[in-house]
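Protein chains in written order, with the numbering used here: chain A, 1 to 286; chain B, 1 to 286; chain C, 1 to 286; chain D, 1 to 286.
There are 4 protein chains.
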Amino acid sequence: MITLGANRYGKAEIRLVHVRRDGERHEIRDLNVSVALSGDMEAVHLTGDNAAVLPTDSQKNAVYALARKHGVAAPEDFAVVLARHFVDAQATIHRARVGIEEYAWDRIPVTGHSFVRRGQEVRTARVTHSAAGTHIISGLRDMTVLNSTGSEFWGYAKDEYTTLAETRDRVLATTVHAEWRHRGQTADWDDSYAGVRRALLEAFAGTHSLSLQQTLYAMGRQVLTAHGEEICEVRLTMPNKHHFAVDLAPFGLDNPNEVFYAADRPYGLIEGTVRDDDSAPAEEAW
Amino acid sequence: MITLGANRYGKAEIRLVHVRRDGERHEIRDLNVSVALSGDMEAVHLTGDNAAVLPTDSQKNAVYALARKHGVAAPEDFAVVLARHFVDAQATIHRARVGIEEYAWDRIPVTGHSFVRRGQEVRTARVTHSAAGTHIISGLRDMTVLNSTGSEFWGYAKDEYTTLAETRDRVLATTVHAEWRHRGQTADWDDSYAGVRRALLEAFAGTHSLSLQQTLYAMGRQVLTAHGEEICEVRLTMPNKHHFAVDLAPFGLDNPNEVFYAADRPYGLIEGTVRDDDSAPAEEAW
Amino acid sequence: MITLGANRYGKAEIRLVHVRRDGERHEIRDLNVSVALSGDMEAVHLTGDNAAVLPTDSQKNAVYALARKHGVAAPEDFAVVLARHFVDAQATIHRARVGIEEYAWDRIPVTGHSFVRRGQEVRTARVTHSAAGTHIISGLRDMTVLNSTGSEFWGYAKDEYTTLAETRDRVLATTVHAEWRHRGQTADWDDSYAGVRRALLEAFAGTHSLSLQQTLYAMGRQVLTAHGEEICEVRLTMPNKHHFAVDLAPFGLDNPNEVFYAADRPYGLIEGTVRDDDSAPAEEAW
Amino acid sequence: MITLGANRYGKAEIRLVHVRRDGERHEIRDLNVSVALSGDMEAVHLTGDNAAVLPTDSQKNAVYALARKHGVAAPEDFAVVLARHFVDAQATIHRARVGIEEYAWDRIPVTGHSFVRRGQEVRTARVTHSAAGTHIISGLRDMTVLNSTGSEFWGYAKDEYTTLAETRDRVLATTVHAEWRHRGQTADWDDSYAGVRRALLEAFAGTHSLSLQQTLYAMGRQVLTAHGEEICEVRLTMPNKHHFAVDLAPFGLDNPNEVFYAADRPYGLIEGTVRDDDSAPAEEAW
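In structure tokens, the structure reads:
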């Protein structure tokens with residue numbers, strides 16, 4: 001029988017910039033907020049009866065109003081406020097998932113109210129909340145890193161389609177997309193983020209790499225080693241951004257790993273999870 | 001204890017254009033192929049031992065070589081060939097997932113070898129294969145559709161943040177992302193695709209809509225109604241691409257739903273599944 | 001002495017969707033309008049005195065209001081209406097440039113009000129207007145075309161860095177960006193567009209190509225040959241979207257121009273102008 | 001008569017990463033190089049005779065080979081090397097234009113060979129070279145800046161379509177695209193770049209703004225004031241990235257410029273030139 005399966009709805013990509021004025025010195029938080037709600041949504045799908053549907057426009061309004069009421073601290077904090085609000089406020093909503101991207105800004109050292117967008121990685125948070133509990137996941141994406149040496153690739157399986165030459169010295173570059181699940185629901189999220197980011201960078205730089213998988217695992221392990229009391233699971237997606245040493249022999253030149261072609265596509269794609277297997281898995285958090 | 005969880009790796013976005021020459025008349029298939037493999041990958045993560053790792057470069061080569069050996073029929077067919085190849089050929093690989101995007105071309109009616117890219121939607125296929133079986137999912141994305149009338153939105157839940165006015169006549173626009181799971185492993189995939197695409201378009205156009213959820217469900221139901229013998233599940237993601245009637249009253253003008261502002265962000269986002277609940281679910285297929 | 005040079009300002013990317021209701025049957029025009037104005041703008045730059053500045057917000061409002069007042073026929077027509085409006089209405093504005101992108105839609109043959117976005121190329125128009133006159137330029141971009149044979153490349157200059165092999169049969173693919181300048185200010189713009197588009201496609205397909213430059217010139221010449229009474233200049237930008245035949249010899253396979261790798265970057269980029277040298281150039285139109 | 005007008009061709013977006021190894025400490029330069037050549041190109045357009053055409057593939061090879069031969073110092077230096085090479089090496093090439101984008105990296109302080117991409121702005125250089133001389137233009141794009149106060153907008157022209165309220169305190173944000181033309185052909189380009197970048201940021205932050213035009217002019221003027229001996233012209237393109245204070249009154253809340261909606265489109269677009277009018281203009285440099 002044809003039936004409705006899993007479903008959710010909400011307002012996506014609500015762009016919120018929050019300015020906190022502390023006299024001459026301002027603080028800004030620049031967020032992109034996405035809300036996804038689920039609950040008693042049979043009727044709206046089957047007959048178009050909207051009685052259980054809080055409009056996505058109201059969700060957007062709530063994001064702005066709650067930013068005014070509660071201020072915007074770390075994205076994790078604000079996502080918790082929002083997720084709880086939607087479940088508490090609307091009887092037909094049983095579960096909320098709030099995803100936030102944060103874009104960082106640096107100060108321009110002339111005034112207390114001038115900023116230049118940092119670029120580099122995007123910080124992320126996602127919070128799921130229902131009667132069963134609250135899960136908090138922090139993360140980052142678009143953090144591109146490169147080791148210009150200290151990476152090898154050899155001893156791999158070879159089949160009839162293998163032509164790749166083994167190497168003891170290559171450039172290793174990737175764009176890190178990482179998310180980590182917290183054990184608890186409170187923390188100094190900004191501190192925690194800075195610590196995890198540092199652990200990821202240090203493990204990337206500090207690992208003499210025999211494969212990108214090894215580097216990925218070392219990065220996840222370093223996060224759990226340094227922050228294992230707060231964090232129980234790390235998920236990483238890391239494209240292998242190939243840098244090919246250009247063959248300059250046709251032009252009578254050597255190339256001692258100095259001139260590289262940075263390729264776009266195709267690229268290797270490595271995905272892995274590192275977790276504390278003493279803690280319960282929580283697929284519903286993701 | 002820190003341990004390795006779910007993981008996979010492969011070559012992503014292998015751009016393959018295949019030309020079949022039938023005398024003066026050529027056929028082209030324009031694909032973007034992504035491979036993800038999993039299996040005995042403990043060692044490579046923990047110690048960097050690559051013995052079980054078939055290089056992603058070899059995977060890329062296999063895609064091109066198998067295109068030559070077997071030709072490229074529908075993307076579903078070619079994905080099955082590839083997925084089986086990787087699992088059969090490499091003892092350490094237990095599961096393969098092959099994702100394909102296809103870009104359609106129309107003929108330029110001057111020669112038999114001239115084409116203009118159609119644009120419009122991207123066709124997709126993904127195949128998972130392991131000893132446990134083979135799953136085939138077809139799909140499309142980026143198919144943008146619009147009804148300039150025949151859409152209402154009223155009778156929704158109202159909270160303290162609700163300011164939206166009810167409407168009995170609005171523009172309804174969305175960009176359809178749909179995937180559907182096949183019961184079996186053989187079909188005339190091109191015919192099947194054309195039929196599902198038609199069902200989606202006809203249900204979108206033919207549904208007098210009280211909410212985008214209702215339209216989404218009608219689209220999924222129409223696919224299962226028309227193709228229920230072959231297809232058991234449809235997953236749809238549909239942003240509500242808001243078209244706001246511009247308030248022209250400040251300029252002494254009315255606006256009888258004639259002049260609209262097409263907004264970018266935020267947007268509503270509706271996600272839902274329609275399935276035959278007599279058939280077994282298959283999360284591993286996705 | 002430090003001084004203000006060329007300058008202009010305006011509202012960019014005003015998204016306008018216009019619905020014309022002719023009973024059950026609707027017509028839609030989906031436009032992205034950008035306005036750039038120049039005139040007496042010394043004061044605003046030097047002292048911040050805005051007395052001569054019509055706000056860009058007012059420009060946006062005018063676009064919507066004039067769409068209601070005049071309707072939206074072809075983008076060229078609407079751009080003329082707008083450009084004249086800004087120069088006529090505001091004494092401090094001496095020159096207006098209105099650029100429009102149009103996204104085409106096809107009907108879904110179920111109702112008179114259901115549409116699917118065509119994709120494929122974007123149609124463009126730009127109009128400049130000042131006391132010195134009005135210029136109208138039409139165009140298109142993102143029209144991707146491919147010949148799977150009928151293209152050669154040999155006999156080129158060779159230097160110490162040349163390793164490319166000559167070929168008598170290659171795939172030739174490009175994404176056409178073309179703009180053409182009209183002699184006059186009135187036409188059936190939709191008809192004219194369809195004719196030029198056809199000329200471009202037919203010349204691309206019909207030219208046995210020894211170089212992409214030759215094809216580019218043939219395309220421009222075909223437009224002027226077929227529409228020379230209305231059009232006096234064509235500017236074309238065409239990337240050479242390289243399709244490399246994959247070397248399958250390492251796998252014991254031949255490749256009779258059947259399996260290609262479609263590369264992203266780098267790409268050749270060919271830019272050229274074809275014009276009637278009996279007509280006056282008009283740099284100010286571009 | 002139908003004739004060939006302005007034309008050029010070349011290889012675009014050659015991705016070059018150069019590693020300089022100074023013992024344990026590496027330096028990297030990450031560039032995207034585009035070459036455009038012009039000269040005796042009548043024959044190739046009219047008949048497809050390629051005798052005067054240096055293949056774009058050879059141009060790509062030259063970029064990599066010359067990176068090895070000369071190293072890669074600042075992008076301006078490398079662009080000069082390339083532009084001169086093409087004109088000197090090939091008799092049929094009379095003019096070369098080399099454009100370079102540079103992506104900056106920061107060190108990860110663990111090793112001497114580990115880097116994280118900085119993000120933020122892209123640095124640019126373009127060099128034109130012919131028998132008539134060499135022009136060097138430096139620049140940046142995608143530098144997004146924001147003042148959370150210190151910006152007003154009032155006293156502007158009002159027409160029948162003006163509804164915008166005047167403001168004495170708004171957020172001013174823009175993404176700076178700037179290019180500046182050098183008087184000479186030698187400099188410490190890295191130092192020069194850092195100085196101009198600082199001047200742009202300080203002028204943006206330090207200007208109490210009555211209009212974005214005023215800020216743009218102040219930025220250009222500051223560059224010429226601080227670096228007028230080396231630089232004679234600055235061109236700036238600055239979108240007004242609107243941040244609208246959200247009206248929270250419907251929810252019983254005030255909004256003392258604390259909660260903003262960051263809009264995507266439409267946006268104001270301000271373009272202007274600031275130059276030393278004692279120096280000769282040089283359109284051919286751009």
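All C-beta atoms, glycine included, are put in the ideal place defined by N, C-alpha and C.
When 8 angstroms is used as the limit between beta carbons, R265(D) is near these residues of chain B: D264, in chain order. At a cut-off of 8 angstroms between C-beta atoms, W286(C) does not count as an interface residue with respect to chain B.
For the stretch 151-165 of chain C, the beta-carbon criterion of a distance under 8 angstroms to any beta-carbon of chain A is satisfied by E160, Y161 and T163.
Going by C-alpha positions, I270(C) is about 43 angstroms away from N50(C). Annotation for D106(A): the continuous beta strand (DSSP E) segment containing it runs W105 to R107. Taking C-alpha positions only, V259(D) is separated from F244(D) by approximately 8 angstroms. Proximity of P239(D) to chain B, defined by a Cβ-Cβ separation below 8 angstroms, is not satisfied. Less than 8 angstroms divides the Cβ of H18(C) from the Cβ of I28(C).
Contact note: F251(A) reaches chain C through E160 and Y161, using a C-beta cutoff of 8 angstroms and chain order.
Taking CB atoms only, I108(A) has a neighbour in chain D less than 8 angstroms away. Per DSSP, reduced to three states, the secondary structure at A165(C) is coil, with no helix or strand assignment. Of all residues in the stretch 110-141 of chain C, none has a C-beta nearer than 7 angstroms to a C-beta of chain D. What Y64(A) touches in chain D, judged by beta-carbon distance under 8 angstroms, is V246, L248, V259 and Y261, going in chain order. Beta-bridge analysis with DSSP links W180(D) to S138(D) and V234(D). By the criterion of at least three beta-carbon pairs nearer than 8 angstroms, the stretch 190-199 of chain C is not in contact with the stretch 90-107 of chain D. For the 8 angstroms CB-CB criterion, G220(A) and L236(A) form a contact. In the three-state DSSP reduction, G206(A) falls in the helix class (H, G or I). A280(C) is classed as exposed because its beta carbon has fewer than 16 other beta carbons within 10 Å across all chains shown. Distance from the CA of N61(B) to the CA of A96(B), rounded to the nearest whole angstrom, comes to 16 angstroms.
Residue-level contact check: I100(D) does not touch chain A, since none of the beta carbons of chain A fall below 8 angstroms from its beta carbon. For S130(A), the uninterrupted beta strand (DSSP E) segment begins and ends at V122 to S130. Residue state for A173(A) is assigned as strand, using DSSP reduced to three classes.
Contact holds between the stretch 140-159 of chain B and the stretch 115-125 of chain B, because three or more Cβ pairs, one in each stretch, are under 8 angstroms apart. Between W105(B) and chain C, the shortest Cβ-Cβ separation is below 8 angstroms. One alpha carbon belongs to Y103(C), the other to P75(C), and they sit about 11 angstroms apart. Counting along the chain, E271(B) sits inside the beta strand (DSSP E) bounded by residues Y267 to D276.
Below the 7 angstroms Cβ cutoff, chain D contributes no neighbours of R221(A), its closest Cβ being approximately 16 angstroms away.
Counting only runs of at least 3 residues, the stretch 54-84 of chain C fully encloses no beta strand (DSSP E) element at all. Boundaries of the alpha helix (DSSP H) harbouring Y217(B): L212 to H227, taken from the DSSP string.
At a cut-off of 8 angstroms, the C-beta of A89(D) has no neighbouring C-beta in chain A. Beta-bridge analysis with DSSP links S34(A) to G99(A). As DSSP reads the structure, S148(B) sits in no beta bridge. By a beta-carbon distance limit of 8 angstroms, A263(A) contacts H242(A). Their separation comes to about 5 angstroms. Rounded to the nearest whole angstrom, the C-alpha separation of D277(C) and E283(C) is 14 angstroms.
Going by DSSP, L16(A) is part of the beta strand (DSSP E) stretching over I14 to D22.
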